[in-house]
Amino acid sequence: LKRYYEQLLVLAADVKNQILILMEPNKENSNNYQPPQ
């Protein structure tokens with residue numbers, strides 16, 4: 009059970025890193041985008 013839990017933590021870290029990498033360009037685009045006022 010402990011080994012399964014450790015694998016789950018590693019998998020969650022991989023997914024989080026991939027999400028952060030995917031969100032980097034989106035964050036830049038949202039910063040450059042100025043909503044009309």
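Numbers in this note's numbering are just positions in the sequence shown, counted from 1, shifted up by 8. Even glycine gets a Cβ: it sits at the ideal position worked out from N, Cα and C. The structure presented is a predicted model; accordingly, all values stated were derived computationally and were not measured.
- Only residues of its own chain outside the window of five on either side were considered, and among them none has a CB closer than 7 Å to the CB of Leu-19.
- Only residues of its own chain outside the window of five on either side were considered, and among them none has a CB closer than 8 Å to the CB of Gln-26.
- In its own chain, leaving out the 5 sequence neighbours on each side, no residue places its CB closer than 8 Å to the CB of Asp-22.
- Distance between Arg-11 and Leu-17, taken at the CA atoms: about 10 Å.
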